[in-house]
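Since the structure comes first, as structure tokens, the remarks are kept for the end.
Residue numbers (our numbering): 5 to 299.
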């Protein structure tokens with residue numbers, strides 16, 4: 005059996021053996037360089053790749069379930085569609101790696117370096133990314149439900165349309181991150197940094213935003229059949245969201261009854277409830293604004 009490079013098909017290592025796992029273990033034991041090795045479409049379940057140099061390796065569609073990748077160097081590695089369920093990547097380096105469509109469910113990614121990596125459409129449900137470096141990472145359309153991102157650095161990260169339901173973002177740095185249309189329902193953002201973060205059409209219902217840098221005011225309400233809140237980011241106009249509609253105060257005031265089909269101004273129960281909710285939200289915000297001006 006042989007291990008070859010994916011770019012020029014040059015043989016890196018060969019051995020008479022019965023499995024690819026046996027071949028790979030022998031190569032590692034003999035300190036063979038796996039730089040640019042072609043390891044795609046292989047079942048490497050439970051293999052120990054701790055501290056191995058896997059730079060530029062092709063692991064497309066490879067099964068890496070329960071694999072030990074602690075402190076492994078995966079710089080520029082291709083992990084598209086790889087299965088890394090329950091793998092341990094503590095302290096690993098994945099800068100500029102391609103993890104598009106990879107399954108990272110319940111993976112240990114503490115202190116990992118993912119700078120400039122591509123994690124589009126990745127499954128990171130229940131993964132642990134505590135203290136991870138995700139600067140300039142692409143996480144568009146990814147799933148991070150209940151993911152632990154405590155103290156993670158997400159500066160300039162693109163999280164457009166990302167599912168962060170119930171995620172722990174305590175003390176996370178999201179400076180200049182793009183969270184357009186992100187699902188942040190029930191997310192914990194205590195002590196996080198949202199300076200210049202784009203939260204356009206993001207859903208913050210039931211989210212906790214205590215002591216958040218870049219947020220001047222946030223209050224969630226259970227006054228309407230759908231969630232409602234007011235959000236004031238530093239340097240931006242306050243946004244009031246009632247149900248699925250997010251607008252500035254000026255936009256609400258100019259045309260409150262904006263949907264004749266769903267919310268007609270007919271003095272019906274829904275109509276009265278919606279207007280009452282808005283009045284309470286706007287009065288609370290005006291009180292906050294007045295208190296700030298008096299200081």
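Glycine included, C-beta positions come from ideal geometry on N, C-alpha and C.
Which of helix, strand or coil DSSP assigns to residue 301: Outside the modelled stretch of the chain, which goes from 5 to 299, sits residue 301, for which no answer is possible.
query: Does the stretch 196-209 come close enough to the stretch 257-274 that 3 or more CB-CB pairs lie under 8 Å?
result: no
- Task: Pair every Cβ in the stretch 270-277 with every Cβ in the stretch 252-259, then say whether three or more of these pairs are closer than 8 Å.
- Result: no
Check: Whose CA, out of 179, 112, 89 and 163, lies closest to the CA of residue 75?
Finding: 112
Exercise. Check whether the Cβ atoms of residue 137 and residue 119 sit closer than 8 Å, and answer yes or no.
Key: yes
Going by the DSSP bridge assignment, what does residue 18 pair with across the sheet? 6
Minimum C-alpha distance to residue 69 - residue among 51, 84 and 145: 51
- Query: Nearest to residue 58 by CA position, among 46, 66, 41 and 154, is which residue?
  - Reply: 41
In whole angstroms, what separates the C-alpha of residue 25 from that of residue 5? 11 Å
Would you kindly check if the distance between the Cβ of residue 134 and the Cβ of residue 122 is under 8 Å? no
Suppose contacts are defined by Cβ-Cβ distances below 8 Å. Is residue 190 in contact with residue 232 by that definition? no
Going by CA-CA distance only, name the one from 43, 285 and 258 that's closest to residue 235. 285
Original post:
When the distance is taken between beta carbons, is residue 48 closer than 8 Å to residue 66?
Top reply: yes
| request: Kindly give me the distance between the Cβ atoms of residue 153 and residue 125, rounded to whole angstroms, as I take these residues to be in contact under 8 Å. | output: Rounded, the Cβ-Cβ distance is 18 Å, inconsistent with contact.
Legend entry - Other residues of its chain near residue 100: CB distance less than 7 Å, five sequence neighbours each side excluded: 79, 80, 120 and 121
Quiz item: Measuring CB to CB, does residue 38 end up less than 8 Å from residue 56?
Solution: yes
Measuring only the C-alpha atoms, how far is residue 226 from residue 98? 42 Å
Legend entry - Same chain, Cβ closer than 7 Å to residue 213, five either side skipped, listed in chain order: 193, 219 and 222
Run of the beta strand (DSSP E) containing residue 232, from where it starts to where it stops: 232-237
| Taking the alpha carbon of residue 216 as the point to measure from, which residue in 229, 238 and 170 has its own alpha carbon closest? | 238
Tell me whether the beta-carbon of residue 71 lies closer than 8 Å to the beta-carbon of residue 95. no
* Go to residue 288, then tell me how far its alpha helix (DSSP H) extends in each direction, as first and last residue. => 273-298
Apart from the five residues just before and just after residue 144, which ones in its own chain have a Cβ nearer than 8 Å to its Cβ? 124, 125, 162, 163, 164, 165 and 166
Open item on the list: Given a cut-off of 8 Å on the beta-carbon distance, is the pair residue 228 and residue 210 in contact?
Closed with: no
Distance, residue 230 Cα to residue 158 Cα:
30 Å
Where does residue 84 land, buried or exposed, given buried means 16+ other C-beta within 10 angstroms?
buried
Inset, instruction - Provide the residue(s) that pair with residue 219 in DSSP beta bridges, ordered along the chain. - result: 237
Quiz item: Since residue 31 is in the alpha helix (DSSP H), which residue starts that stretch and which ends it?
Solution: 24-33
Q) CA-CA distance, residue 53 and residue 292? A) 55 Å
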